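Everything on this sheet refers to the single structure shown next.
In UniProt numbering, the protein residues as written are 1 to 156.
Structure below.
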């Protein structure tokens, strides 16, 4: 089996996060919302943003991709605010039709955001990351967690 590149792993995470949100939305539409897929997707998206901002974006900035990274950080801040609102609903156990607007906004933002990452930033990651950083990032993708209290740069 061929090992997955960092870019492939991050793209896979995009799909998995989207699938969790879509699973919740389908349950919501059927009148049987299961909050677990949404809770997993929110946690996975927070971790994904953490990995990008702490380990991927610094070398990409150093490689001259300052403006594309700036845009991604700003968009992360917008996404983070939606995640905060969804987390509040999950804590209250009231995730229902009231979340539909938030979920649509999140899906719309992720669709545009992910496309930019996948076509602009991720292809450069294989060129700018050291082998040591790639290995560490891959391990974090596989097993890592968002540190308690960490907040993305765009939401600080």
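Every residue, glycine too, gets a C-beta built ideally from N, C-alpha and C.
This one's a predicted model, so the numbers in the text were calculated from it and none came from an experiment.
Exposure of residue i, with buried meaning 16 or more beta-carbon neighbours within 10 Å
{"i": "residue 69", "result": "buried"}
{"i": "residue 79", "result": "buried"}
{"i": "residue 1", "result": "Note that residue 1 scores a pLDDT of 39, beneath 50, so its modelled location is shaky and nothing firm can be said."}
{"i": "residue 143", "result": "exposed"}
{"i": "residue 100", "result": "exposed"}
{"i": "residue 119", "result": "exposed"}
{"i": "residue 8", "result": "exposed"}
{"i": "residue 46", "result": "buried"}
{"i": "residue 75", "result": "buried"}
{"i": "residue 117", "result": "buried"}
Cβ separation of residue i and residue j, assumed to be a contact under 8 angstroms, to the nearest whole Å
{"i": "residue 51", "j": "residue 124", "result": "No, residue 51 and residue 124 are not in contact; Cβ-Cβ is about 16 angstroms, not under 8 angstroms."}
{"i": "residue 25", "j": "residue 103", "result": "6 angstroms"}
{"i": "residue 152", "j": "residue 53", "result": "6 angstroms"}
{"i": "residue 128", "j": "residue 86", "result": "Wrong, their Cβ atoms sit about 32 angstroms apart, outside the cutoff."}
{"i": "residue 140", "j": "residue 57", "result": "About 14 angstroms separates the two Cβ atoms, so there is no contact after all."}
Residue j beta carbon less than 9 angstroms from that of residue i
{"i": "residue 34", "j": "residue 22", "result": "no"}
{"i": "residue 154", "j": "residue 42", "result": "no"}
{"i": "residue 121", "j": "residue 106", "result": "no"}
{"i": "residue 110", "j": "residue 38", "result": "no"}
{"i": "residue 181", "j": "residue 16", "result": "Outside the modelled stretch of the chain, which goes from 1 to 156, sits residue 181, for which no answer is possible."}
Review point. In chain order, which alpha helix (DSSP H) runs of at least 4 residues are fully inside the UniProt domain "Hemerythrin-like" (6 to 124)?
Key: Within the UniProt domain "Hemerythrin-like" (6 to 124), the complete alpha helix (DSSP H) runs of at least 4 residues are 6 to 29, 35 to 51, 57 to 62, 66 to 92, 100 to 116.
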